[in-house]
Amino acid sequence: MDRDNLLGQFLRARRELIRPEDVNLPAGSRRRVAGLRREEVAMLAGVSADYYVRLEQGRERHPSAQVVDALARALGLTDDAVAHLHQLANPGVRRRRAPRQERVSPNLLRMMTGWSHTPAIVLGRSLTVLAHNALGGALYAGHTYSADLVRLVFLDPDAREFFPDWERAAVNTVAGLRAVAGADVDDPALIEVVGELSLRSESFRRLWARHDVRHKTHDTKRFHHRLVGELTLHYESFTVNGAPGQQLVVYQAEPGSPSEQALALLGSLTAELAPPAAAERSTAE
Numbered sequence: 021m022d023r024d025n026l027l028g029q030f031l032r033a034r035r036e037l038i039r040p041e042d043v044n045l046p047a048g049s050r051r052r053v054a055g056l057r058r059e060e061v062a063m064l065a066g067v068s069a070d071y072y073v074r075l076e077q078g079r080e081r082h083p084s085a086q087v088v089d090a091l092a093r094a095l096g097l098t099d100d101a102v103a104h105l106h107q108l109a110n111p112g113v114r115r116r117r118a119p120r121q122e123r124v125s126p127n128l129l130r131m132m133t134g135w136s137h138t139p140a141i142v143l144g145r146s147l148t149v150l151a152h153n154a155l156g157g158a159l160y161a162g163h164t165y166s167a168d169l170v171r172l173v174f175l176d177p178d179a180r181e182f183f184p185d186w187e188r189a190a191v192n193t194v195a196g197l198r199a200v201a202g203a204d205v206d207d208p209a210l211i212e213v214v215g216e217l218s219l220r221s222e223s224f225r226r227l228w229a230r231h232d233v234r235h236k237t238h239d240t241k242r243f244h245h246r247l248v249g250e251l252t253l254h255y256e257s258f259t260v261n262g263a264p265g266q267q268l269v270v271y272q273a274e275p276g277s278p279s280e281q282a283l284a285l286l287g288s289l290t291a292e293l294a295p296p297a298a299a300e301r302s303t304a305e
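So that you can map any letter, position 270 of the sequence shown is 290 in the working numbering, and since no number is skipped, the others follow by simple counting.
Here it is, written out as structure tokens:
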């Protein structure tokens, strides 16, 4: 990652994803750039072309909040992406941090243990699985990277079978990693995972370069589990206020659905192997 011009990288990546016709501009036959031209974004945002060029090139790094909002409108950014753009424009003082343990609250672990029919996991800042209850562990068990959702999606040999909608899972995973990382590019765990995956996965490189930003909130996800087959589960993600950067993710099946039956079967198989418990992984960030 080039950590010196994150704002410019973000603006350029998002500009290149917008088609002229999306913003009522003529495409033309002599267009030589992907997406919009710099001067077109400047016009849509109401700033000078020279000023916008300086922003992309990193010669201007601190636009006002009003300019950031205008650029966000011109680029059609979502709420998560707008917040990310503001953070890039005003990152504050960044200091390289030494790795430290990410620990899950014992009270949260006990609460998760009581959810015997509901898979639950706690994710860290780089989307590693810090803790899970018995059913949450069983949901992701059996893979090379069961404890690391980013590496599971992009490096695990079984990923495309486990996630039937793999492309959607990949897009959401990278966007979620961007969201939790924010402007904290000196996070050692983030540097490690982005560096490794950029070398080992062309798909990751392609998606990381898009600069999509989207917090993991709620969605429906399909799995093909090695023990119980197809599962379609709804999840809700909750921030853990006592541990910034951690997310509690809880999964549920539609009542009366085949997925509910399959999840119940997975729960019974899990109970036969081990008593219900919430397990915490020791993870350094």
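Note that CB positions come from ideal geometry on N, CA and C, so glycine has one too.
Everything numeric in this text was worked out from a predicted model, so none of it was measured.
Quiz prompt | Inter-residue spacing [alpha-carbon to alpha-carbon] between P295 and Y255 | solution = Because P295 carries a pLDDT of 48, less than 50, the predicted location of this residue cannot be relied on, and the following value inherits that uncertainty. Roughly 24 Å separates the two Cα atoms.
Quiz item: For I141, which three-state DSSP category applies?
Solution: I141 sits in a strand when the DSSP states are folded into three classes.
Self-check item: Exposure label - R246; buried when at least 16 CB within 10 Å
Solution: When all chains shown are included, R246 counts as exposed.
Exercise. Evaluate Q281 with the Cβ neighbour count: other Cβ atoms within 10 Å of its Cβ, from every protein chain shown; 16 or more gives buried, anything less gives exposed.
Key: By the neighbour-count definition (other C-beta atoms within 10 Å, threshold 16), Q281 is an exposed residue.
Quiz item: Going by beta carbon distance, what residues of the same chain come within less than 7 Å of L172, once the five residues before and after it are set aside?
Solution: When the five nearest sequence neighbours on each side are left out, the beta carbons in the same chain lying within less than 7 Å of the beta carbon of L172 are those of H163, Y165, S166, A179, in order along the chain.
Quiz item: L97: buried (16+ other C-beta within 10 angstroms of its C-beta) or exposed?
Solution: With a 10 Å radius around the Cβ and a threshold of 16 neighbouring Cβ atoms, L97 comes out buried.
Quiz item: Taking just the CA atoms, how far does R79 sit from V220?
Solution: The question names Val, but residue 220 is Arg in the sequence shown. Between the alpha carbons of R220 and R79 lies a distance of about 32 Å.
Quiz item: In this structure, what does DSSP give as the bridge partners for K241?
Solution: DSSP, once it has assigned bridges, lists L253 as partnering K241.
Quiz item: For V149, which residues from the same chain have a beta carbon less than 6 Å from its beta carbon, with the 5 sequence-adjacent residues on both sides left out?
Solution: I141, A167.
Exercise. Could you spell out where the beta strand (DSSP E) holding A151 opens and where it closes?
Key: Taken as a continuous stretch (DSSP letters only), the beta strand (DSSP E) holding A151 covers 149-152.
Exercise. Taking only heavy atoms of the ligand ATP into account, decide whether any of them is closer than 6 Å to the Cβ of A190.
Key: This structure does not include the ligand ATP; it has no bound ligands of any sort.
Exercise. Decide if the stretch 198-212 is in contact with the stretch 271-286; the criterion is three or more beta carbon pairs, one per stretch, under 8 Å apart.
Key: The stretch 198-212, when compared against the stretch 271-286, does not touch it at the 8 Å Cβ threshold.
Quiz item: What's the C-alpha gap between T138 and S84?
Solution: Near 45 Å, if we compare the C-alpha coordinates of S84 and T138.
Quiz item: Since A273 is in the alpha helix (DSSP H), which residue starts that stretch and which ends it?
Solution: Taken as a continuous stretch (DSSP letters only), A273 belongs to no alpha helix (DSSP H), being part of the beta strand (DSSP E) at 267-273.
Practice problem: Starting from the N-terminal side, write out each stretch of the alpha helix (DSSP H) that is 4 residues or longer and does not extend beyond the stretch 72-139. | Solution: You should have 85-95, 99-109, 126-133.
Quiz prompt | Per-residue burial, E60 [other beta carbons within 10 Å of its own, 16 or more giving buried] | solution = Buried: at least 16 other Cβ atoms inside 10 Å.
Exercise. With DSSP as the reference, label L37 as helix, strand or coil.
Key: Here L37 sits in coil by DSSP.
Quiz item: Leaving out the 5 sequence neighbours to the left and right, which residues in its chain are closer than 7 Å to D232 when beta-carbon positions are compared?
Solution: Hits under 7 Å: V191, V194, A195, R198.
Practice problem: Measure from the alpha carbon of R225 to the alpha carbon of each residue in A151, L175, T237, then state which is nearest. | Solution: With distances taken between Cα atoms, R225 lies closest to L175.
Quiz prompt | Range covered by the alpha helix (DSSP H) that runs through A47 | solution = In the DSSP assignment, A47 falls outside any alpha helix (DSSP H) and carries neither an H nor an E.
Quiz prompt | Through-space distance from A291 to A33, alpha-carbon basis | solution = Spanning the two alpha carbons is a distance of roughly 48 Å.
Practice problem: Classify F183 as helix, strand or coil using the three-state DSSP reduction. | Solution: Reduced to three states, the DSSP call for F183 is coil.
Quiz item: For T193, which of helix, strand or coil comes out of DSSP?
Solution: Under the three-state reduction of DSSP, T193 is assigned to helix.
Exercise. Grab me the residues of A69's own chain with a C-beta within less than 6 Å of its C-beta, minus the 5 sequence neighbours each way, in chain order.
Key: The beta carbon of A69 is closer than 6 Å to those of E59, A62 in its chain, skipping five residues each way along the sequence.
Exercise. Please name the residue, chosen from R145, N25, A273, that lies closest to L169 on a Cα-to-Cα basis.
Key: Comparing Cα-Cα distances from L169 to each of R145, N25, A273, the minimum goes to R145.
Quiz prompt | Alpha-carbon to alpha-carbon, L251 and F182 | solution = For F182 and L251, the distance between alpha carbons rounds to 10 Å.
Quiz prompt | Pairwise C-alpha distance: L210 and L75 | solution = Cα to Cα, the separation comes out at about 25 Å.
Quiz item: Which residues in the same chain as G262 place their Cβ atom closer than 7 Å to its Cβ, once the five residues preceding and following it in sequence are excluded?
Solution: Cβ neighbours of G262 beyond the five flanking positions: S125.
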